[in-house]
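A.B. asks: I'd like to ask you about the structure that follows.
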Amino acid sequence: MGSLQNKIKEFERYYGVHLRSLSRSRRFMTLLLITICFMILTGYLLLPRNKKSGSFSAELESFIDSKLDRYKESIKSFNTLITVWPVKEKDPLVETQNTDKNELDHHDENLFLPYTGNGYIGISIISKRGIFANHHKTLSLPLLYNPLSQIYSDSMAKKEVTYVDVLNGLVGKIQCYQDKQDCIEISNTVYAHRTRPSILIEEIVLNNPTKESITFDVIQMGAKNWNLSSIKTENFNNMEFTVTKGIIDVSIDGKLKHLCISIGSTKLPNNLRIQEHEFNTKHYVITVIKYSVTLLTGKIEHLEPILNDLENQVVIELREATGIGFKQLKIEHTKAWNDIWKSGFGISKSLADDALNGDRVNASLYYIASNQRAPLIEKSKPISNSSITEFKNEYHIERCYEGFSTLNAVKLWKLPLDENEIADLNSLWMLTLQKHGCKSLLEMGVNGVLQAVVLSLGGLKFTLHHLETNLNPRQIHRDYYFRKINYANLSFISIEIIVDSDNHARLYVTLDELIDKNQKFYACDAGCIDPPVFLKNNEKIEFPVKLTNPLTAILYISPDKSHIDELQHALHVQEIDIAPQQDAHSIAIHKHGHSLGGLAALFWTLFVILIIIFHLFLFKLIYRELCAFSNNVPNEKSSYGGYGKNDYRKGRYARTV
């Protein structure tokens, strides 16, 4: 036992200082690792993330995700826009003026208002403000009538998701009420009919996978604060309708005016009971809205004949619509929206902060289109047939769009949070397009408006003889795609601008469709120094992006070959060359969200941490060597067997046996 203690003391005598140093190193490493972990955790917690109000069970989350699977591809292409809304823990009858906007006031994520409109009527399915009518060329006049159903239960937890199906012009709401391990689904699909502008349709689908029947409360708010209001009931085609007529007061510049209205809508029961294991149960709410063309003055008692006429129109259209059938009405509506999107715009996704991406572009274009009439395709024409023929034949496009690309106009891409902001957004776009030479296109309704918007995005301008593309060749950092631009009702032309791996931009032009089969088209790049290129049908032609001095358009397209030949002498270009490579820093930010290239930010963070650790160890080694050198001078007795520091080092390193 004694010999063992002596050996331990001898070991500590020769190696004790080393062991203590090793212990300090471990303590140092432990503290360092704890500090690094704390820094990483703090950074993770401070990173901006999408916030979801309320907490939901795994069953609710899984159910909603499964219901959204059908939109998976459409969501990827931004043709369907999804928003998860906070759960409202209040009675749906309670209404406050600012409730909706406060609930939507989330600045850290894109929220897409589930709004449907056709230029005659518009409505948001999450708002209690009801239907809006056209006033001053926007859907800004509330009719104080909400026909949409609110189906709810206070006894179960709920999660709610809304969607905007941009391509088909549909908006909807999916509600999941949790009952033990199952979810009862209530899906609402709403659309303001595109070709029958007086019609608003709500389709309700209920699914109950549980073993118990469930009862839900139903609210339809109807009219509010109407003058001379009267209600009558109509029954036909196995449906019951309430037809309401009345007058609302509108104050314009301090003067009181009147709007005559009549609205007929399906009446749902106060409760809906879903039996156990009952699936795909459908209910429909069809609403027909008619209102006076202008605001009226005078005594409201004298407006009774107008009200009666509107009421008769409502009943006639209700009979006609229900006779057509809900399936056919939906087919008409979606086909019309698909035709409207024949021309369009695409942009490569950017990871830069606050960058404009496809979801916001599609949402904005959809809200604009929802505020426009469609005179070329509506069943009851808001303008005369002769005017429509004139529009189709002449298709006035000269000088549109005359200005810089609207992609850089931040105010035009603000996502609206309520019906008023949608009206404001529409007004701002119409003002912008009108002041830049697109008045004639705007008069064509939704088809012309979207054509003008697409032109404005790329700085595309029609002149009397050609179409030109006015993008700055030094500032093309993303890919752009302009789909099927209508060239004077002669053809549809697509233009694609791609930034290749060498950071050079390239142009591609495709003649998609010839409306006039005998028409030919030619194109040239900046300066038109090279001979005109003949565009073949459905063949993609490549053009280089060139930089000229003075700056000119990067592309010209015309059906007149001699005009293209003459442009070379009319542009007065002094210098011309291939445009330089685009700024690599800007491209990297768009592609990766930072300028560090394709490697993830986490890699660079860990790399920097490793460098810091290496330098800390290097500093520690140098410090130990310096301390060891300074300790060579003999001083006080060591606590290890009476050796001084100098004696200890001599004893340690002088021993050979």
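Under this note's numbering, the first residue of the sequence shown is numbered 2, with each subsequent residue one higher.
Note that beta-carbon positions come from the ideal geometry of N, C-alpha and C, so glycine has one too.
If you're wondering where the values come from, they're calculated on a predicted model, not measured in any experiment.
1. Within a Cβ cutoff of 6 Å, which residues of the same chain sit near Arg400, ignoring the five residues on either side of it in sequence?
2. Which same chain residues, not among the five before or five after Phe620, have their C-beta less than 8 Å away from its C-beta?
3. Provide the residue(s) that pair with Glu659 in DSSP beta bridges, ordered along the chain.
4. Judging by CA-CA distance, which residue of Leu149, Ala353, Leu472, Asn519 is the nearest neighbour of Ile496?
5. Candidates Leu171, Lys537, His303: which alpha carbon is nearest Leu229's?
6. So Gly299 is in the alpha helix (DSSP H); what residue range does that whole segment cover?
7. List in chain order: all unbroken alpha helix (DSSP H) runs of 4+ residues lying wholly within the region 418 to 451.
8. Would DSSP call Asp66 helix, strand or coil?
9. Going by beta carbon distance, what residues of the same chain come within less than 6 Å of Glu469, once the five residues before and after it are set aside?
10. Would you identify the three-state DSSP class for Gln221, choosing helix, strand or coil?
11. Use the C-beta contact count for Gln98: other C-beta atoms within 10 angstroms, 16 or more gives buried, fewer gives exposed.
12. Closer than 8 Å by C-beta to Leu297: which residues in its own chain qualify, once you throw out the five before and the five after it? Chain order, please.
13. Between Ile65, Leu617, Ala589, which has its C-alpha nearest Ala353's C-alpha?
14. Given that a residue counts as buried once 16 or more other Cβ atoms are within 10 Å of its Cβ, and exposed if not, what is Pro560?
15. Starting from Leu1, follow its DSSP beta bridges and name the residues at the other end.
16. Report the rounded CA-to-CA distance for Asp425 versus Leu69, giving the unit in angstroms.
17. Once DSSP output is grouped into helix, strand and coil, what is the label at Pro551?
18. What residues in its chain sit with their C-beta under 7 Å from that of Pro417, if we drop five residues either side in the sequence?
19. Provide the residue span of the beta strand (DSSP E) that contains Thr267, from first to last.
20. Going by other Cβ atoms of all chains shown within 10 Å of its Cβ, with 16 needed for buried, is Cys177 buried or exposed?
21. Cβ atoms of Asn363 and Lys350: under 8 Å apart, would you say?
22. Using only alpha-carbon positions, find the residue among Pro551, Gln435, Ile378 that is nearest to Ala453.
23. Using only alpha-carbon positions, find the residue among Ala506, Ser156, Tyr509, Tyr488 that is nearest to Leu515.
24. Quick one: residues in its chain with C-beta nearer than 8 Å to the C-beta of Asp180, no 5 flanking neighbours on either side, listed in chain order?
25. How far does the alpha helix (DSSP H) with Trp338 in it reach, from first residue to last?
26. With a threshold of 16 other CB atoms inside 10 Å of the CB of Glu186, please say whether the residue is buried or exposed.
27. Tell whether a beta-carbon distance below 8 Å holds between Asn208 and Phe280.
28. What ranges does the alpha helix (DSSP H) occupy inside the region 472 to 501, keeping only unbroken runs of at least 4 residues that lie completely in it?
29. Is Ile499 closer than 8 Å to Asp480 when the C-beta atoms are compared?
30. Please report the straight-line C-alpha distance between Glu161 and Leu273, rounded to a whole angstrom.
31. Under a Cβ-count criterion, where at least 16 other Cβ atoms within 10 Å of its own Cβ denotes burial, should Asp360 be classed as buried or exposed?
32. Just to confirm before moving on: does the CB-CB distance between Leu269 and Val219 stay below 8 Å?
33. Whose C-alpha, out of Arg195, Ser141, Phe217, is nearest the C-alpha of Asp155?
34. Mapping the DSSP letters down to three states, classify Lys159 as helix, strand or coil.
35. For Arg274, write down the residues that DSSP places opposite it in a beta bridge.
36. Leaving aside the five residues before and after Leu94 along the sequence, list all residues of the same chain whose C-beta is less than 6 Å from its C-beta, in chain order.
C.D. replies: Result, derived from the coordinates:
1. Gly438
2. none
3. Because residue 659 is not part of the residues shown, which for the chain are 2 to 658, the question remains open.
4. Leu472
5. His303
6. It is not in any alpha helix (DSSP H) - Gly299 carries neither H nor E in the DSSP assignment.
7. 420 to 436, 440 to 443
8. helix
9. Lys462, Ala554, Tyr557
10. strand
11. Bear in mind that a pLDDT of 41 at Gln98, under 50, signals an unreliable position, so the model cannot answer this.
12. Lys258, His259, Leu260, Cys261, Leu304, Ile307
13. Ala589
14. buried
15. The structure shown does not extend to residue 1, since the chain spans only 2 to 658, so no value can be given for it.
16. 31 Å
17. coil
18. Leu114, Tyr368, Ile423, Leu426
19. 256 to 267
20. buried
21. no
22. Gln435
23. Tyr488
24. Met157, Thr211, Glu213, Ile215
25. 327 to 341
26. buried
27. yes
28. none
29. yes
30. 19 Å
31. buried
32. yes
33. Phe217
34. strand
35. Thr216
36. With a pLDDT of 38 at Leu94, under the threshold of 50, the predicted position of this residue should be treated as unreliable, though the coordinate-derived value follows. Counting only Cβ-Cβ distances below 6 Å, and skipping sequence neighbours, we find nothing.
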